[in-house]
Amino acid sequence: MPLPRRSLLAFPGLLAAPALAQADQRPTLTIAVQKLSNSNTFEPPREQSNVGFRVHGLYAEQLIGTDWLEGARLVPGLAESWRRVDARTLDLTLRAGVRFHDGREMTAEDVVFSFGERLFGTQGATGEGRSGILAGSAGKEPPPEVIAVARRTYPGLERIEVLDSRRIRFVNRTPDVTLEGRIAQSVGAILSRAAFAAAESWLAWARAPVGTGPYRIAEFRPDTLLVLEAHDAYWGGRPPARRLRFVEVPEVSGRINGLFAGEFDFACDIPPDQIAVVERNPRFEVLGSPINNIRKFAFDKTHPVLADPRVRRAMSHSVDREAIVQALWAGRTRIPRGMQMESYGEMYLSDWENPRFDPAEARRLLREAGYRGDPIPYRLLNNYYTNQVANAQIAVEMWRAVGLNVQIEMRENFAQVTARTPGRALRDWSNTSIFGDPVAGILRSFGPRTEAERNGEWTNEEFDRVSAALEAETDMARRRAQFRRILAILEREDPAYIVLHHAAAFTAKRRDIRWRASSGWAMVFGPGNLGTGA
Amino acid sequence: MVRFLLSRLLRAAVTIVLVVTFAFVVLRLSGDPAQIIMGADAPPEAVDAFRTAWGLDQPVWVQYFHYFGAIASGDLGRSMRDGREAIVLVAERIPATLALTVPALLIKLLLGIPAGIYAALHRNSAVDRALMVAAVAGFTVPSFVLGLLLVLVFAVQLGWLPSGGQESWRHAILPVATLGIGGAAVLARFTRSAMLEVLGQPYIRTASAKGLTWRAVVWSHALPNAAIPTVTIVGFMVGSLIAGAVVVESVFSWPGVGRLMVVAVANRDLAVVQCILLLVAATMVVANLTVDVLYGVLDPRLRTGIRRAGAG
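From first to last, the protein sequence lines are chains A and B.
Numbered per the numbering used here, the first sequence spans residues 1 to 534.
Numbered per the numbering used here, the second sequence spans residues 1001 to 1312.
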């Protein structure tokens, strides 16, 4: 049983107190989540999901980190600094004294392994094979989907050179100004080469990868419990919790009841309509904010009705995003300026506007297109996304108000939604920006090699050309112009989707625990983000 | 008797083949496991790689024959979700499920049958009415509502018991109670009806008329005859020991076979679903066979019938 409150109260100033005083008195926190892991593994390339992103950073780190509490900016991680040599080459200096959970010190060989056998198996990053295979890795070839994810994440990676014991060089085949962001992704976690060699199998390894994060994986019971224990040799300072217990509670009522009953300290995945329920109890509060994921309606432009872009534009002008955010999210999320994040930095187009809510313009476009009330099927999942069904019902009424006949068809899973069968026209989707650049956002959904293009929902020759140019471009002014053109095509000229709002993640917690929610899926329990008192 | 058992086993085997085939067809035609397991945002290359690795790019009928060939050689397959053998995954969860369903079955038997008998013997009394009101409430309230109600009262309001999880015996109390109350209510109603029917039969009047005490009439004549329909429903409950707690396991976050099945179906993790279905079908078959044998024990006419059938 957890004793969080007592131990927390008996523990003045978790963060400031001397390390000695913290011994044995750090709290054990119990966190109720809807799902622990979709794949029953914790190897980041195999568990690329919101549930995986929630815990990755607790046990594994990258050379370049992401500060999820401060605008998702890139910060030094296991590399204390990095320097661009040219558009294809990046040198990184490893942090000294970093220890893995198995007690070993991190070396350049661990970095080479993490971007080598671990991700690409015997094929190597370029697919041409490797001459030397790590001893002990026989039979531990990563599953093909891991290699595919790795290739997608590092499409241009040519080689990694060890310059000296603390300096590493990444060399790309093609110019890539986003290499830093790619290295910061969870797929690029630096894990222990020796622990991999010692593991019985790839699966055994993937269930408890040995990283450098503030907590180590101590126990995992699939679909039930994940226990993380403090890694006291953590380079960033002593972790403030002795143990984190993530328990899987699939029902939201179960998570809230367990919180109220004092069994949980945190309850994750709280839908917006339950925020008031939780906060009626003065002992608890709900934290959360918009995250690096944007909800959208996606079009199939091959559908006979939607083939005319004017109909798609009319649909876009009919959606009152602000009303949806107020009605379903109590105003606790925000509407982005198109499919982009503020974390894009220089690439953020602060003057970009969504198609405005304008029913008159929608009606005009429909008249111009000669639309006569033909049905537009809308394949819908039952709340895969938060508020999905309610959102769909509201949108259908907004479309009806301008004369659009959108008809909801319930489906059970994504495969049914995207199936290339007659009647595919409109669906829900979302887009996560895994680091601060359009390449990591909208270009993962649309363009060559993406799902939307392969399954034939949306293609556009100019878009393909400009997006390919953007990926290879290094001049920021030209990149901004290319991105602006991409948004113009996707959102105005040949609409591929309608931007709705940022997704938001809400976590209920005991009010007496001082903790900040992140701006992504990640939960941060490292030094500096846990304390007690008001 | 041997022929009787063989015919039942043959029927059971056909049932299992049909169940497994039906599940295969429904699961494979209602969604692509690769897309579901890899997630909506997985790169298409990763989904393709997964599909190829698991043979999902083969025609469905080829997959079906591969699957059946593997079953015939004793290989129930591996979970596509985490790569482990399906039978191992399922076997790991059975103790947790039995930890709920066996005590719940005892509660059903110990509460439901005596309550039904008592209510029948005191028909239209205040106790009968009270018991039947409770029984109707017990089996009409869905288990997830009853479970949440118990959690609200005993975990949230009173703080006496944990609201979910599987860390100690205390965690089992509310889910066992949820399962047990509903089942006891069903048994009470069933037993009462069976008893009332038997008590109205001429042989009960005859037994009373020939001077037997009421207790002897009930024990020797009413109960054995009323047991036959009750045994049928108990047999069904025994057959549900493995998969009878799907909803309750979800409500109480109890990591049993039921929750595994929900996750496996949602992920189209075919090998795991099939393994559970085989297990459930086998349990049902054994329970039905046991019930058939018990019929013979309880009703001499059936014993004679089986012997005659065997001789013929």
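For every residue, glycine included, the Cβ atom is placed at its ideal position computed from N, Cα and C.
As the structure is a computational prediction, the values presented were derived from the model and not from experiment.
### Query
Which residue from D512/A, S518/A, D300/A puts its Cα closest to that of G531/A?
D512/A
### Query
How many angstroms separate the CA atom of S467/A from the CA atom of L244/A?
Looking at the two C-alpha atoms, the distance is approximately 42 Å.
### Query
T432/A bridges to which residues according to DSSP?
N293/A
### Task
Report the rounded CA-to-CA distance for K289/A versus F506/A, giving the unit in angstroms.
The amino acid occupying residue 289/A in the given sequence is Ser; Lys does not appear at that position. So the two alpha carbons sit approximately 7 Å from each other.
### Task
Would you check if there are 3 or more beta carbon pairs closer than 8 Å linking the region 489 to 506 of chain A to the region 452 to 461 of chain A?
Yes: the two stretches touch, three or more of their Cβ pairs being nearer than 8 Å.
### Message
My assumption, with CB atoms under 8 Å, is that A1072/B sits in contact with E145/A. Please give the rounded CB distance.
### Response
Between E145/A and A1072/B the Cβ distance is about 29 Å, and since that is not below 8 Å, they are no contact.
### Query
Going along chain A in order, which residues have a C-beta closer than 8 Å to the C-beta of I1036/B?
N413, F414, A415
### Query
What residues from chain A crowd round P1043/B, counting only those whose CB sits closer than 7 Å?
A148, V149, R152
### Message
On a Cα-Cα basis, can you pick out the residue from V1217/B, M1132/B, L1150/B that is closest to A1188/B?
### Response
M1132/B
### Message
Once DSSP output is grouped into helix, strand and coil, what is the label at M523/A?
### Response
coil
### Task
Check the Cβ-Cβ distances between D223/A and every residue of chain B, and say whether any is below 8 Å.
yes
### Query
Distance, Cα to Cα, N292/A vs E409/A?
28 Å
### Spatial neighbours of P1255/B in its chain, beta-carbon cut-off 8 Å, leaving aside the 5 residues before and after
R1093, A1096, Q1166, E1249
### Query
How many angstroms separate the CA atom of W1054/B from the CA atom of T450/A?
22 Å
### Message
Less than 8 Å between the beta carbons of A189/A and A60/A, yes or no?
### Response
yes
#### Entry: Bounding residues of the beta strand (DSSP E) (the contiguous stretch that carries V499/A)
497 to 510
#### Entry: Spatial neighbours of L398/A in its chain, beta-carbon cut-off 7 Å, leaving aside the 5 residues before and after
The amino acid at residue 398/A is misidentified as Leu; the sequence shows Met. Once the five neighbours on either side are set aside, the close Cβ partners of M398/A are S318, V319, D320.
### Proximal chain C residues relative to Q48/A, where beta-carbon distance stays under 9 Å
The structure shown contains no chain C; its protein chains are A and B.
### Query
For F42/A, which of helix, strand or coil comes out of DSSP?
coil
### Message
Restricting to Cα atoms, I'd like to know which of D176/A, S316/A, D437/A, G181/A is closest to L74/A.
### Response
Considering only alpha carbons, the answer is G181/A.
### Anticipated Cβ contact below 8 Å, V227/A with A32/A, distance rounded
Contact doesn't hold; Cβ gap of about 14 Å is too wide.
### Query
Between L1146/B and A1155/B, is the Cβ-Cβ spacing less than 8 Å?
no
### Message
Quick check: what's the CA-CA separation for A1013/B versus A1271/B?
### Response
19 Å
### Message
Counting only beta-carbon separations shorter than 8 Å, does N292/A have a partner in chain B?
### Response
no
### Query
Cβ of A241/A within 8 Å of Cβ of R510/A?
In terms of Cβ geometry, A241/A and R510/A do not form a close pair [threshold 8 Å].
### Query
What whole-angstrom Cβ distance do A79/A and R95/A have, given they're in contact under 8 Å?
By a beta-carbon distance limit of 8 Å, A79/A contacts R95/A. Their separation comes to about 7 Å.
### Message
Going by DSSP in three states, Q407/A sits in which element: helix, strand or coil?
### Response
strand
### Message
By the 8 Å beta-carbon criterion, what residues does the region 1139 to 1169 of chain B contribute toward chain A?
### Response
L1148, V1151, L1152, A1155, V1156, G1159, P1162, S1163, G1164, G1165, Q1166, E1167
### Message
What would DSSP say about Y348/A, mapped onto helix, strand or coil?
### Response
Coil, per DSSP.
### Task
Quick one: which unbroken alpha helix (DSSP H) runs of 4-plus residues sit fully inside the region 1026 to 1102 of chain B? Chain order, please.
With a minimum length of 4 residues, the continuous alpha helix (DSSP H) runs that stay inside the region 1026 to 1102 of chain B are 1033 to 1038, 1044 to 1053, 1060 to 1072.
### Message
Need the endpoints of the alpha helix (DSSP H) that G1138/B sits in, please.
### Response
1126 to 1140
### Of the listed residues L1179/B, L1277/B, P1300/B, nearest to I1087/B (C-alpha basis)
The closest CA to that of I1087/B, considering only L1179/B, L1277/B, P1300/B, is found on L1277/B.
### Query
Taking C-alpha atoms, which residue in R444/A, S81/A, R238/A, R159/A lies nearest to S114/A?
R159/A
### Task
Report the three-state DSSP secondary structure of T66/A (helix, strand or coil).
strand
### Query
Could you give the residue range of the beta strand (DSSP E) that holds V33/A?
28 to 33
### Task
Please look up how many angstroms separate the CB atoms of L306/A and F297/A, rounded, as I've assumed it's under 8 Å.
L306/A to F297/A, Cβ: 11 Å. No contact.
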